[in-house]
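Novice:
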Amino acid sequence: MKKYISFFKIRFQVGLQYRSASIAALTTQFLWGIMECAAYRAIYMSSGMEPPMEFSALVSYIWLKEAFLAMFNTWVTTDGDIFTVIMNGDVAYELCRPVSLYRMWFAKSVGGRCATAALKCVPIIAVSVLLPRPYRLSPPRDLVAFCFFLLTLFLGLFVTVAFCMVVYAITLFTISPQGLRAVLTGAVEFLSGAVIPFPFIPQPVRGVLELLPFGSMHNVALRVYSGSLAGGEMLRAVALQVFWIVALVLLGKAICRTAERRIVVQGG
Amino acid sequence: MITMEGICKSYRIAKRNAGLKEACKSLFHRENETIEALSDVSFTIEDGEMVGYIGPNGAGKSSTIKILSGILTPDSGSCIVNGRTPWKDRIAHVREIGVVFGQRSQLWWDIPVIDSFELIKEIYSVETHDYHHNLEELTEMLNLKELLRTPVRQLSLGQRMRCEIAASLLHNPGILFLDEPTIGLDAVSKLAVRDFIKKRNREYGTTVILTTHDMQDIAALTNRVILIGKGRLLLDGTLDTLRQQAADLEGGEPSEELDKIVAKLYRGLDIL
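Protein sequence lines, in the order shown, are assigned to chains B and E.
So for the first sequence, numbering that gives the first Met the number 0 puts the first residue at 0; every next one is plus one.
So for the second sequence, numbering that gives the first Met the number 0 puts the first residue at 0; every next one is plus one.
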């Protein structure tokens with residue numbers, strides 16, 4: 000276990016290495032958050048329908064999504080180094096380590112995501128609680144909601160990483176990640192509720208989305224925080240998260256094991 | 000002890016001619032060629048031996064190293080290293096070996112070298128005391144003092160190579176596979192690395208298998224040379240055997256210069 004913690008640690012150190020990249024990303028995310036809030040505000044003001052989510056809950060959803068974006072990213076450069084070692088063949092060295100490839104990458108991925116999120120969540124949360132009223136991040140509904148928020152946040156992180164591990168294991172066969180990534184970029188964004196929060200999506204589509212693994216990523220934690228998901232419904236969501244972690248880990252491990260036997264590290 | 004018995008490995012390679020037309024054609028029909036990277040390779044290496052593994056480009060040297068280090072599964076044949084089959088028992092096997100792939104990197108690109116070393120210490124569960132002792136020795140012999148605190152991306156090839164070699168030895172492996180370890184090294188570093196490998200072998204009885212195109216590496220380090228060409232093992236003996244064979248092939252005086260001898264052999268055996 001200690002070994003895997005040190006992968007987490009080193010990935011964390013890498014995450015802290017580049018300051019200007021963090022600042023640039025932070026600015027982008029901050030502006031994006033404001034734009035999103037403004038767009039939804041326009042919708043709320045202009046339409047006569049009963050909104051499916053309180054505006055303050057929606058604002059919290061948006062800000063927390065930006066604050067913890069790195070934990071749930073399935074696109075951009077998160078875990079770029081795993082794709083890189085597969086493409087350039089340095090995976091040869093990874094295979095020469097007395098550790099399980101699956102667990103090593105899992106720990107690395109969790110470490111990298113936590114490092115980036117830890118750097119970003121503090122400034123984003125600090126600024127968003129100081130914003131003027133309608134755009135302000137409100138405190139969690141109550142202490143229980145906050146505890147469940149933390150729990151589901153990490154469960155969601157594990158679902159995301161377990162899902163990405165399946166992608167990495169497949170990449171061991173295809174070598175180039177381009178195809179898979181192109182499909183994932185758009186699809187997972189939408190299916191996980193990052194573009195449009197689930198409450199805005201009509202039934203029965205919403206019901207299906209909630210059952211998919213993508214619905215167990217950040218959707219649960221962000222809605223638990225503001226109380227848009229509570230009680231029995233929340234517990235069901237937690238159980239579903241646990242189910243997807245187990246299922247995706249088993250699948251990823253199986254593919255990884257086959258890959259380890261079959262892969263050929265090409266070149267000298 | 001390392002034994003390889005009748006190891007075979009073939010690769011399928013998609014080939015096509017140049018040009019757009021050919022590229023489009025290959026979308027529908029692939030011409031695959033099967034290449035025998037290794038056919039029926041057998042040898043035995045005793046503990047504490049230093050063996051040079053040579054052959055022209057594409058002879059199968061790296062494939063052999065990959066099989067020995069457990070990251071490539073051969074099509075057939077058996078290979079036992081310290082009582083284990085590398086690809087079947089990978090995790091237990093790699094704990095006892097050190098590998099340097101001259102063409103690849105095991106160090107973390109963005110952060111100082113020493114952070115990568117610390118990680119390796121954890122991965123192999125090296126005792127803190129042993130780690131510091133090893134690190135000190137490696138730092139001194141490979142002259143790493145100034146490099147340890149530098150991010151890897153800012154090292155030159157030769158500097159990085161020295162750090163790569165040190166990284167592969169931090170856990171004191173009994174067997175060391177070196178795949179072109181002197182690539183990109185300056186004369187001083189080359190000598191340092193050679194001395195260092197020799198010392199390791201003398202003091203710890205480390206078994207060393209070395210692939211290289213630098214015949215001076217071979218001359219300086221190894222008594223035994225294994226020559227491989229087109230996936231077949233062609234010669235297994237001392238440098239003198241090599242000289243003799245070259246002289247027999249071409250006739251005339253045995254040449255003194257190693258590079259010439261080897262070039263003669265490659266041509267004479269028709270393995271280029």
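The C-beta atom is built at its ideal place from N, Cα and C for all residues, glycine as well.
Please read these numbers as outputs of a predicted model, since none were measured by experiment.
By DSSP, does residue 177 (chain E) sit in helix, in strand, or in coil?
Specialist: Residue mapping note: residue 177 (chain E) aligns to position 178 of the second sequence, counting from 1. If DSSP states are grouped into helix, strand and coil, residue 177 (chain E) belongs with the strands.
Novice: Quick one: Cα of residue 211 (chain B) to Cα of residue 18 (chain B), how far?
Specialist: Start at 1 with the first residue of the first sequence, and residue 211 (chain B) comes out as number 212. Start at 1 with the first residue of the first sequence, and residue 18 (chain B) comes out as number 19. Distance between the alpha carbons of residue 211 (chain B) and residue 18 (chain B): 36 angstroms.
Novice: For the segment 25-44 of chain E and the segment 220-230 of chain E, state whether three or more C-beta atom pairs, one from each stretch, are separated by less than 8 angstroms.
Specialist: Touching, per the Cβ criterion.
Novice: What do you reckon, is the C-beta of residue 61 (chain B) under 7 angstroms from a heavy atom of the ligand GTP?
Specialist: The model on display carries no ligand, and the ligand GTP is accordingly not part of it.
Novice: What does residue 13 (chain E) pair with, by DSSP beta-bridge criteria?
Specialist: The residue given as residue 13 (chain E) occupies position 14 in the second sequence. Note: residue 13 (chain E) sits in a beta bridge opposite E:31.
Novice: From residue 163 (chain E) to residue 32 (chain E), what does the alpha carbon distance come to, in whole angstroms?
Specialist: As a working mapping, residue 163 (chain E) is identified with position 164 in the second sequence. As a working mapping, residue 32 (chain E) is identified with position 33 in the second sequence. In a straight line, the C-alpha of residue 163 (chain E) is about 35 angstroms away from that of residue 32 (chain E).
Novice: If you measure between the beta carbons of residue 3 (chain B) and residue 105 (chain E), is that distance less than 8 angstroms?
Specialist: Locating residue 3 (chain B) in the first sequence gives position 4, where the first residue counts as 1. Locating residue 105 (chain E) in the second sequence gives position 106, where the first residue counts as 1. Not a contact, by the Cβ cut-off of 8 angstroms.
Novice: Taking beta-carbon pairs under 7 angstroms, can you tell me which members of the segment 100-118 of chain E lie near chain B?
Specialist: Those residues of the segment 100-118 of chain E that come within reach of chain B (Cβ to Cβ, closer than 7 angstroms) are 100, 102, 103, 104, 105, 107, 109, 110, 114 and 118.
Novice: When you compare the CB of residue 119 (chain B) with every CB in chain E, is at least one pair closer than 8 angstroms?
Specialist: On the first sequence, residue 119 (chain B) is found 120 positions in, with the first residue counted as 1. No, residue 119 (chain B) does not count as interfacial toward chain E.
Novice: Name the residue from B:226, B:22, B:238 and B:62 whose alpha carbon lies nearest to the alpha carbon of residue 141 (chain B).
Specialist: The count along the first sequence starts at 1 and reaches residue 141 (chain B) at position 142. The option with the nearest alpha carbon to residue 141 (chain B) is B:226.
Novice: Are the C-beta of residue 14 (chain E) and some C-beta of chain B separated by less than 8 angstroms?
Specialist: As a position in the second sequence, residue 14 (chain E) is number 15, starting the count at 1. No, residue 14 (chain E) lies away from the interface with chain B (no Cβ there is under 8 angstroms from its Cβ).
Novice: Under 8 angstroms, Cβ to Cβ, is there at least one residue of chain B near residue 270 (chain E)?
Specialist: Counting from 1 along the second sequence, the entry for residue 270 (chain E) is found at position 271. Not an interface residue.
Novice: In chain E, what lies closer than 8 angstroms to residue 126 (chain B) by C-beta?
Specialist: Taking the first residue of the first sequence as 1, we reach residue 126 (chain B) at position 127. Correct list: empty, because the minimum Cβ distance to chain E is about 28 angstroms.
Novice: In three-state DSSP terms, what is residue 85 (chain E)?
Specialist: Along the second sequence, read from residue 1 onward, the residue named residue 85 (chain E) stands at position 86. Residue state, collapsed to three classes: coil.
Novice: Would you mind giving the Cβ-Cβ distance between residue 236 (chain B) and residue 64 (chain B), rounded to the nearest angstrom? I have them listed as a contact below 8 angstroms.
Specialist: Against the first sequence, residue 236 (chain B) aligns to sequence position 237. Against the first sequence, residue 64 (chain B) aligns to sequence position 65. Wrong, their Cβ atoms sit about 17 angstroms apart, outside the cutoff.
Novice: Skipping 5 residues on each side, what residues in its chain have a beta carbon closer than 8 angstroms to that of residue 160 (chain B)?
Specialist: Residue mapping note: residue 160 (chain B) aligns to position 161 of the first sequence, counting from 1. Once the five neighbours on either side are set aside, the close Cβ partners of residue 160 (chain B) are 105, 108, 109 and 112.
Novice: Out of B:208, B:31 and B:172, state which residue places its alpha-carbon closest to the alpha-carbon of residue 186 (chain B).
Specialist: Residue mapping note: residue 186 (chain B) aligns to position 187 of the first sequence, counting from 1. Closest by alpha carbon: B:208.
Novice: Let me know if residue 135 (chain E) comes out buried or exposed under the rule of 16 or more other beta-carbons within 10 Å of its beta-carbon.
Specialist: Taking the first residue of the second sequence as position 1, residue 135 (chain E) is located at position 136. So residue 135 (chain E) ends up on the exposed side.
Novice: Report yes if the CB atom of residue 86 (chain E) is closer than 8 angstroms to the CB atom of residue 72 (chain E), and no otherwise.
Specialist: Taking the first residue of the second sequence as 1, we reach residue 86 (chain E) at position 87. Taking the first residue of the second sequence as 1, we reach residue 72 (chain E) at position 73. Yes, they are a contact pair.
Novice: Against chain B, does residue 71 (chain E) count as a neighbour if the rule is that its beta carbon must be under 8 angstroms from one of theirs?
Specialist: Here residue 71 (chain E) refers to the residue found at position 72 when the second sequence is read from its first residue. Yes, contact with chain B.
Novice: Alpha carbon to alpha carbon, how far is residue 8 (chain E) from residue 23 (chain E)?
Specialist: Against the second sequence, residue 8 (chain E) aligns to sequence position 9. Against the second sequence, residue 23 (chain E) aligns to sequence position 24. If you take the alpha carbons of residue 8 (chain E) and residue 23 (chain E), they lie about 30 angstroms apart.
Novice: List the residues of chain B whose Cβ lies closer than 9 angstroms to the Cβ of residue 98 (chain E), in chain order.
Specialist: If you number the second sequence from 1, residue 98 (chain E) lands on position 99. Those are 91, 92 and 95, listed as they occur along chain B.
Novice: When the Cα atoms are used, what is the spatial distance from residue 121 (chain B) to residue 67 (chain B)?
Specialist: Here residue 121 (chain B) refers to the residue found at position 122 when the first sequence is read from its first residue. Here residue 67 (chain B) refers to the residue found at position 68 when the first sequence is read from its first residue. So the two alpha carbons sit approximately 10 angstroms from each other.
Novice: The segment 114-145 of chain E: which residues have C-beta closer than 8 angstroms to a C-beta of chain B, in chain order?
Specialist: Flagged, chain order: 114, 115, 117, 118, 121, 122, 123 and 124.
Novice: Of all the options B:8, B:245 and B:27, which has the alpha carbon lying nearest to the alpha carbon of residue 121 (chain E)?
Specialist: Looking up residue 121 (chain E) in the second sequence gives position 122. Of the listed residues, the one whose Cα sits closest to residue 121 (chain E) is B:8.
Novice: List, in order along the chain, the chain E residues whose C-beta lies closer than 8 angstroms to that of residue 5 (chain B)?
Specialist: As a first step, residue 5 (chain B) must be located in the first sequence, where it is residue number 6. Those are 117, 118, 121 and 122, listed as they occur along chain E.
Novice: Give a yes or no on whether 8 angstroms exceeds the smallest Cβ distance from residue 12 (chain B) to chain E.
Specialist: For the purposes of this step, residue 12 (chain B) is identified with residue 13 of the first sequence, where counting begins at 1. Interface residue, yes.
Novice: In chain order, which alpha helix (DSSP H) runs of at least 4 residues are fully inside the segment 62-107 of chain B?
Specialist: Complete alpha helix (DSSP H) runs here, min 4: 68-71, 79-87 and 90-94.
Novice: Can you tell me which of E:261, E:132, E:19 and E:68 puts its alpha carbon nearest to the alpha carbon of residue 224 (chain E)?
Specialist: Counted from its first residue, the second sequence places residue 224 (chain E) at position 225. Cα-wise, what sits closest to residue 224 (chain E) is E:261.
Novice: CB-CB under 7 angstroms to residue 312 (chain B), same chain, minus the five flanking residues each way: which ones, in chain order?
Specialist: Residue 312 (chain B) falls outside the range modelled here, since chain B spans only 0 to 267, and no answer is possible.
Novice: Counting only the same chain and skipping the five closest in sequence on each side, list residues whose C-beta sits under 8 angstroms from that of residue 169 (chain E).
Specialist: Residue numbering aside, residue 169 (chain E) sits at position 170 when the second sequence is read from its first letter. Same-chain partners within the cutoff: 116, 119, 120, 123, 125, 130, 133, 134 and 137.
Novice: Let's test the definition: count the other Cβ atoms within 10 Å of the Cβ of residue 123 (chain B) and tell me whether it reaches 16, buried, or not, exposed.
Specialist: As a position in the first sequence, residue 123 (chain B) is number 124, starting the count at 1. Label assigned to residue 123 (chain B): buried.
Novice: Quick one: list the residues of chain B neighbouring residue 223 (chain E), beta-carbon separation under 8 angstroms, in chain order.
Specialist: The sequence position of residue 223 (chain E) within the second sequence is 224, counting from 1. By Cβ distance, chain B contributes nothing, its closest Cβ being about 23 angstroms from residue 223 (chain E), past 8 angstroms.
Novice: Which residues in the same chain as residue 190 (chain B) place their Cβ atom closer than 7 angstroms to its Cβ, once the five residues preceding and following it in sequence are excluded?
Specialist: Counting from one through the first sequence, the residue named residue 190 (chain B) turns up at place 191. So the qualifying residues of the chain are 208, 211 and 213.
Novice: Suppose contacts are defined by Cβ-Cβ distances below 8 angstroms. Is residue 258 (chain E) in contact with residue 210 (chain E) by that definition?
Specialist: Within the second sequence, the letter at position 259 stands for residue 258 (chain E). Within the second sequence, the letter at position 211 stands for residue 210 (chain E). Not in contact: residue 258 (chain E) and residue 210 (chain E) (Cβ atoms no closer than 8 angstroms).
Novice: According to DSSP, simplified to helix, strand and coil, what is residue 239 (chain E)?
Specialist: Walking along the second sequence from the start, residue 239 (chain E) turns up at place 240. If DSSP states are grouped into helix, strand and coil, residue 239 (chain E) belongs with the helices.
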